[in-house]
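To start, the structure under review is shown below, and the notes come after it.
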Amino acid sequence: MQFATWNVNSLSVRLPQVLDWLASNPVDVLALQELKLTDDKFPFDAFAAAGYQAHCFGQKTYNGVALLSRSEASDVVRNIPGFDDDMARVISASIGKTRVIGAYFPNGQAPGSEKFEYKMEWLKGLRNWLKTELVQHPELVLMGDFNITFDDLDVWDPQGMYEQIHCTEAERYHLRALIAMGLSDSFRLFEQPAKSYSWWDYRDFGFRRNRGLRIDHILVSAALRPRVQSCLIDKTPRKNERPSDHAPVLLSIS
DNA sequence: ATGCCTCAGCTCCTGAGA
Numbered sequence: 009m010q011f012a013t014w015n016v017n018s019l020s021v022r023l024p025q026v027l028d029w030l031a032s033n034p035v036d037v038l039a040l041q042e043l044k045l046t047d048d049k050f051p052f053d054a055f056a057a058a059g060y061q062a063h064c065f066g067q068k069t070y071n072g073v074a075l076l077s078r079s080e081a082s083d084v085v086r087n088i089p090g091f092d093d094d095m096a097r098v099i100s101a102s103i104g105k106t107r108v109i110g111a112y113f114p115n116g117q118a119p120g121s122e123k124f125e126y127k128m129e130w131l132k133g134l135r136n137w138l139k140t141e142l143v144q145h146p147e148l149v150l151m152g153d154f155n156i157t158f159d160d161l162d163v164w165d166p167q168g169m170y171e172q173i174h175c176t177e178a179e180r181y182h183l184r185a186l187i188a189m190g191l192s193d194s195f196r197l198f199e200q201p202a203k204s205y206s207w208w209d210y211r212d213f214g215f216r217r218n219r220g221l222r223i224d225h226i227l228v229s230a231a232l233r234p235r236v237q238s239c240l241i242d243k244t245p246r247k248n249e250r251p252s253d254h255a256p257v258l259l260s261i262s
């Protein structure tokens, strides 16, 4: 079974690329982030024609997430129960025996800002909710744009980005707390190419110079971990003419 | 560096992203 996550930075702009990518990568489940469109504009028909059913949680201008799946998805939940949020950031569903959570974590802008405080509160809310989710659903995948690097391996310039947004100890603490709950960073279960990133700044030839961050992750629960066969970042779509700034991450489970 | 791209929208500039 194959899972993937991709921050598309506007589904309206990226739909042809998503369909192309699915044609070459017929994953079972694809989580999308930053749709930047409302539910009424979601291209259900285009995905149905490609063999995917979709559940979406859209929002005007910013945010917006969706789950696409080849088989039926049930028990769809939007956002984090118990955490009040006016932004569309999380969508969960049961697909087969697996509970799948697709998430667009807050950016946080800069340490000390109001948006950073919101990010910290959101991360606490996520973890409180996940505690019970993991009990109810031992086979769980949490994937999406986390907007946090695990450590310096995930950062092209660790000195320059020291304690900068996505790289602060406060943010990384919350990522480690998810690991402490029994989740694993599936990417690091395998040997990976040096300087592997999932996001590159549009500016300054970020991709060409490989000045990036690994901030898109797929975490798996303890029950799934022994079944993980591979995890990789697909840089191919970043070479398209009008790419998203993020690349998709792919996970294979037996 | 108040910059660099890209996207949406109260669209010919601004806010936000990361």
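Read in order, the letters of the first sequence are residues 9 to 262 in the working numbering. Here a beta-carbon is modelled for each residue, glycine too, at the ideal position from N, C-alpha and C.
- Environment of Asn71 [buried if 16+ CB atoms lie within 10 Å]: Here residue 71 is taken as the residue at index 63 of the first sequence, counted from 1. Buried, since its Cβ has 16 or more Cβ neighbours within 10 Å.
- Residues near Gln237 in its chain [Cβ-Cβ closer than 8 Å; skip 5 each side]: Along the first sequence, read from residue 1 onward, the residue named residue 237 stands at position 229. Contacts found: Ser260, Ile261 and Ser262.
- Skipping 5 residues on each side, what residues in its chain have a beta carbon closer than 8 Å to that of Gln31? Counting from one through the first sequence, the residue named residue 31 turns up at place 23. Checking the displayed sequence, the identity of residue 31 turns out to be Ala instead of Gln. Counting only Cβ-Cβ distances below 8 Å, and skipping sequence neighbours, we find Ala58.
- Message: Could you tell me which whole alpha helix (DSSP H) segments of length 4 or greater appear in the segment 48-109?
- Response: Counting only runs of 4 or more, we get 52-57.
- Tyr169 to Cys175, Cα distance in whole Å? Against the first sequence, residue 169 aligns to sequence position 161. Against the first sequence, residue 175 aligns to sequence position 167. The sequence shown places Met at residue 169, not Tyr. A direct Cα-to-Cα measurement between Met169 and Cys175 gives close to 7 Å.
- Message: Buried or exposed for Phe198, going by 16 or more other Cβ atoms inside 10 Å?
- Response: Residue numbering aside, residue 198 sits at position 190 when the first sequence is read from its first letter. Phe198 sits exposed, since fewer than 16 C-beta atoms from the chains shown fall within 10 Å of its C-beta.
- Phe213 by DSSP, collapsed to three states: which one? Position 205 of the first sequence holds residue 213. Phe213 sits in a helix when the DSSP states are folded into three classes.
- Task: May I have the straight-line CA-CA distance separating Val143 from Gly110, to the nearest angstrom?
- Result: Translated into the one-based positions of the first sequence, residue 143 becomes position 135. Translated into the one-based positions of the first sequence, residue 110 becomes position 102. For Val143 and Gly110, the distance between alpha carbons rounds to 18 Å.
- Task: Report the option in Phe158, Cys64 and Asp253 whose CA atom is closest to the CA atom of Asn87.
- Result: The residue you call residue 87 lines up with position 79 of the first sequence. It is Cys64.
- Task: Mind checking which residues open and close the alpha helix (DSSP H) that includes Asp160?
- Result: Within the first sequence, numbered from 1, the residue matching residue 160 stands at position 152. Asp160 -> no alpha helix (DSSP H), and no H or E assigned at all.
- Item | Neighbourhood of Val257 by C-beta, 8 Å cutoff - its chain only, sequence neighbours within 5 removed | What you label residue 257 is simply residue 249 of the first sequence in a count that begins at 1. Contacts found: Ala12, Thr13, Trp14, Met151, Phe195, Ser206, Asp224, His225, Ile226, Cys239, Leu240, Ile241 and Asp242.
- Taking Gln117 and Met95 to be in contact with their CB atoms under 8 Å, please state how far apart those CB atoms are, rounded to whole angstroms. Indexing the first sequence from 1 puts residue 117 at position 109. Indexing the first sequence from 1 puts residue 95 at position 87. 14 Å between Cβ atoms; not a contact.
- Message: In this structure, how does DSSP classify Leu43 when only helix, strand and coil are distinguished?
- Response: In the first sequence, counting from the first residue as 1, residue 43 sits at position 35. The answer is coil: DSSP assigns Leu43 none of H, G, I, E or B.
- Task: Just the C-alpha distance for Leu148 and Arg107, rounded to the nearest angstrom, thanks.
- Result: Residue 148 sits at position 140 when you count from the first residue of the first sequence. Residue 107 sits at position 99 when you count from the first residue of the first sequence. So the two alpha carbons sit approximately 5 Å from each other.
- Roughly how many angstroms separate the alpha carbons of Phe215 and Leu40, rounded to a whole number? One-based indexing of the first sequence puts residue 215 at position 207. One-based indexing of the first sequence puts residue 40 at position 32. When rounded, the distance between both Cα atoms is 21 Å.
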